[in-house]
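There are 2 protein chains.
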Amino acid sequence: MTPESRFLRACRREATDATPIWLMRQAGRYMPAYRHVREHHPLLTIIKTPELACEVTLQPIEAFELDAAIIFADILPPLEGMGLHLRFAEGEGPVIGNPVRTVDDIARLRVLPPEETLPFTLDAIRLARAQLDSRNIPLIGFSGAPFTLAAYAIEGRGSRNYMLAKGLMMSEPVAWDTLMTKLSEVVGAYLLAQARAGAQALQLFDSWAGQLSASDYRQHALPYTQHAIAIARQAGVPIIHFATDTSGYLEAMRETGADVVSVDWRVDLSAAWQRLGANVAVQGNLDPVALLAPWDALKQRTQAILDQAGGHAGHIFNLGHGILPETPPDNVKRLVDFVHEYSAPVHA
Amino acid sequence: MTPESRFLRACRREATDATPIWLMRQAGRYMPAYRHVREHHPLLTIIKTPELACEVTLQPIEAFELDAAIIFADILPPLEGMGLHLRFAEGEGPVIGNPVRTVDDIARLRVLPPEETLPFTLDAIRLARAQLDSRNIPLIGFSGAPFTLAAYAIEGRGSRNYMLAKGLMMSEPVAWDTLMTKLSEVVGAYLLAQARAGAQALQLFDSWAGQLSASDYRQHALPYTQHAIAIARQAGVPIIHFATDTSGYLEAMRETGADVVSVDWRVDLSAAWQRLGANVAVQGNLDPVALLAPWDALKQRTQAILDQAGGHAGHIFNLGHGILPETPPDNVKRLVDFVHEYSAPVHA
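Taken in order, these protein sequences are the chains called A and B.
Adding 3 to a residue's 1-based position in the first sequence gives its number in this note's numbering.
Adding 3 to a residue's 1-based position in the second sequence gives its number in this note's numbering.
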């Protein structure tokens, strides 16, 4: 069985020879090769230069026996195509220069085809696919989910309480619906275009969904995620839904329509699967901090996750959130190899 | 039925005439009266001056028809008694000048009687009780929980990933056990002393427990919370356990031994109660941001929570986390009055 089929088969809950593994932000600052590229190019330049994005996408594939690549991009560039000014400020992360605050701001947001607004990522996907095919490694495309994009568009930067975003959601439900409808169309079309450019699976990052109450999530976020997924669904590739802090309403993650639900470490994998039901694949769920621990501690936690996944077809090993910059690359290598070695006899 | 019995009866899951309500951080910056005191005194001065702590404790009781007061203090002062240097830095929150990083640091931590290390809060409780008794308002004492105190002691300040705290927990389990055992004894004795000084209920704040994986929580945090609660239990007063982001392993919150489990807005109150079992009271769980919304939006969310609590005896209305400084006091008044008015017919 080739690595390609291992990951894609797991997405479809088909039998595999071992548990597939990839890591969120696997192309990132913990890798010397990535830091070398970043020394010469700002983040948005890498994202917008297909050759550089392709190069960085392949770095972790060259270093580790990972079962999937994910195109190097960011969750926020779709907002640029809508007319927002995005920059990555040193030490404070992404900042929107002209955040959305009023009904007029929402009315001005453009909904344009991704071929026009995000051609660089589609080109990067084409380049990366050409290189990955010979290695039989599938490529994942992705986008921020409507709620997370809305929260960023409104707050303009990371936030502790999301007062502005929730404020608009709670006090202006009609404006919120307009904003979220636009976002769901942009996100859906972007995911679809990535699949058509060559992405063999798609992941939706709703990184901040866990800030919402269970009922606000169901009423004000879930329908728009469902809409985006319904659009992307036309491509016929597996769709992964990622969120954190959503263990309280995990059942709703299944209702997004995704084929794979990515869960964080705040829930036991076995408990998560029981609540989600057997007819969905599950991705996760190592605490990223465990990758900084001595091997024994890392191994014990990895083994516990694999043991919980046990007999299930449809487990994709991953972290519960992105890999931390402080992670020793050696630990990544040992983790990847261990997941394959330990799980193979269980799958046999 | 007096307000006192309303809150304490609900803690014991006994029938009440209406749903009791109090709000975490109800004495705080959203109140002009509090800001006035803070203009003249730094935070630690208020906490360490019983007359000032008592005055601030009573401010929200004078302004709103709340069913309980909570002594004005902070979760971190128990660390000072152990030998750590605590200060509240402008704009960055609490900072520990000499954080715990090594086995030697842990060995040096002192376990002293709270009468010696935290007499000011015990005195403040005596003063506040004298004033609250005539109004029939019960007084809640509290402490940070062992894990949250350990995380702060190690990190030295707020953290995004708790890499240092989790790092010590994962790589040095014996040292971690020593640290957590000391903390659980300090916390347990402090809670017990507060009850003996007059606190009629006790709340344990494990504000950061939700950063842990389900299994790390059960192995490395829960046993020490259980130990602290077992010590405090001798006082015979109801014990409330507060945490956020723990919806993934909510069942473990029940295993702490608390009489009341405080849940955040990331889980429906009805789902939470189902998972916790009927033989525990539940506190919560409004999103604090809802208190900044227009009344209609706030009322709708409040009503939904009360509807979910429905027939259950043992619901204490509260926020899922502390009240935000930006909260309009008028909204607090409307919320408190609405909770009483709307719930009374259901309880009748």
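Every residue, glycine too, gets a C-beta built ideally from N, C-alpha and C.
Since the structure is predicted, the reported quantities are computational estimates derived from the model, not experimental observations.
Would Y252/A pass as an interface residue toward chain B - the criterion being a Cβ-Cβ separation below 8 Å?
Answer yes: the Cβ-Cβ gap between Y252/A and chain B drops below 8 Å somewhere.
Do I50/B and F123/B have their C-beta atoms within less than 8 Å of each other?
Their beta carbons are under 8 Å apart, which means I50/B touches F123/B by this criterion.
Would you tell me roughly how many angstroms separate the C-alpha atoms of L294/A and A56/B, rounded to the nearest one?
When only Cα atoms are considered, L294/A and A56/B end up about 44 Å apart.
Can you check which of these residues, D299/B, A192/B, E258/B and L327/B, is closest to D290/B by C-alpha distance?
Of the listed residues, the one whose Cα sits closest to D290/B is L327/B.
Tell me, to the nearest whole angstrom, how far the beta carbon of T60/B is from that of S346/B; I am working on the premise that it is less than 8 Å.
T60/B to S346/B, Cβ: 25 Å. No contact.
In chain order, each beta strand (DSSP E) run of at least 3 residues that lies wholly inside the stretch 298-343 of chain B
Note on the stretch 298-343 of chain B: whole beta strand (DSSP E) runs with a minimum of 3 residues are 318-322, in chain order.
Please state whether DSSP places G100/A in a helix, a strand or coil.
It is coil, neither helix nor strand.
Please report the Cβ distance between T247/B and G323/B, rounded to the nearest whole angstrom; I am assuming they are in contact, meaning their Cβ atoms lie under 8 Å.
Indeed they touch by this definition, with Cβ atoms about 6 Å apart.
V59/B - DSSP class collapsed to helix/strand/coil:
V59/B sits in a helix when the DSSP states are folded into three classes.
DSSP three-state label for S265/B, please.
Residue state, collapsed to three classes: strand.
Would you say G144/B and L69/B are within 8 Å of each other, going by their C-beta atoms?
Taking 8 Å as the Cβ cut-off, G144/B and L69/B do not qualify as a contacting pair.
Rank G325/A, P117/A and A316/A by C-alpha distance to the C-alpha of D20/A and give the top, closest one.
Among G325/A, P117/A and A316/A, the Cα nearest to that of D20/A belongs to A316/A.
Please identify, using Cβ separations under 8 Å, the residues of the stretch 324-342 of chain A that lie next to chain B, in order along the chain.
Those would be L327 and E329, in chain order.
Closer than 8 Å is the cut-off here; do at least three beta carbon pairs connect the stretch 240-258 of chain A with the stretch 212-230 of chain A?
In this structure the stretch 240-258 of chain A lies against the stretch 212-230 of chain A, because at least three pairs of beta carbons, one per stretch, are closer than 8 Å.
Which partner residues does I128/A have in the DSSP bridge list?
Answer is none; I128/A lacks a bridge partner.
If the cut is a Cβ gap below 8 Å, which residues of chain B does V292/A touch?
In chain order, N164, Y165, M166, K169, G170 and M173 make up the part of chain B whose C-beta sits under 8 Å from the C-beta of V292/A.
Against chain B, with Cβ distances strictly below 8 Å, would V285/A count as a contact?
No, because no Cβ of chain B sits closer than 8 Å to the Cβ of V285/A.
Does any CB atom of chain A fall closer than 8 Å to the CB of A352/B?
Since the displayed chain B opens at 4 and closes at 351, residue 352/B lies outside it and no answer follows.
Give, in chain order, every unbroken run of the beta strand (DSSP E) that is at least 3 residues long and sits entirely within the stretch 183-209 of chain A.
Within the stretch 183-209 of chain A, the complete beta strand (DSSP E) runs of at least 3 residues fall at 204-209.
Can you list, in chain order, the residues of the stretch 293-320 of chain A whose Cβ is nearer than 7 Å to any Cβ on chain B?
Close to chain B, meaning a Cβ-Cβ distance shorter than 7 Å, are the following residues of the stretch 293-320 of chain A: A293, L295, A296, P297, A300 and A307.
Among the candidates E175/A, L142/A, P63/A and P241/A, whose CA atom is the shortest distance from the CA of R16/A?
Residue P241/A is the option with its Cα nearest to R16/A.
With a cut-off of 8 Å, does the C-beta of A217/A fall near any C-beta of chain B?
Interface residue, yes.
Cβ atoms of L130/A and E54/A: under 8 Å apart, would you say?
The answer is yes: Cβ separation under 8 Å.
For G94/B, would you say it is in contact with chain A, using Cβ-to-Cβ distances shorter than 8 Å as the test?
Not one chain A Cβ lies under 8 Å of G94/B.
Would P141/B pass as a contact of V190/B if the rule is Cβ separation under 8 Å?
For P141/B and V190/B, no; Cβs fall outside 8 Å.
Do V106/B and E417/B come within 8 Å of each other at the CB atom, strictly closer than that value?
Any property of residue 417/B remains undetermined from this structure, which presents chain B solely from 4 to 351.
Whole angstroms is fine: what's the gap from N101/A's alpha carbon to E158/A's?
The straight-line gap separating the alpha-carbon atoms of N101/A and E158/A is approximately 10 Å.
Beta-ladder partner(s) of L142/A, from DSSP:
Beta-bridge pairing by DSSP links L142/A to A72/A.
What do you get for V103/A, buried or exposed, if any count of 16 or more other CB atoms within 10 angstroms of its CB means buried?
Buried, because 16 or more other Cβ atoms sit within 10 Å of the Cβ of V103/A.
Considering L89/A, what are the terminal residues of the beta strand (DSSP E) in which it resides?
That run of the beta strand (DSSP E) goes L89 to A92.
For Y33/B and T52/B, I'd like the C-alpha separation in whole angstroms.
Using only the alpha carbons, I get a separation of about 21 Å.
How big is the Cα-Cα spacing for P81/A and A72/B?
When rounded, the distance between both Cα atoms is 48 Å.
Determine the contact status of L194/B and A261/B, defining contact as a CB-CB distance below 8 Å.
No. Outside cutoff.
Who are the Cβ neighbours of M311/B in its own chain at under 7 Å, not counting the five residues just before and after it?
Looking at the sequence shown, residue 311/B is not Met but Gln. When the five nearest sequence neighbours on each side are left out, the beta carbons in the same chain lying within less than 7 Å of the beta carbon of Q311/B are those of D271, L272 and S273, in order along the chain.
With DSSP collapsed to three states, give me the class of P348/A.
Three-state result, P348/A: helix.
Since A284/B sits in a beta bridge, which residues does DSSP pair it with?
Beta-bridge pairing by DSSP links A284/B to V263/B.
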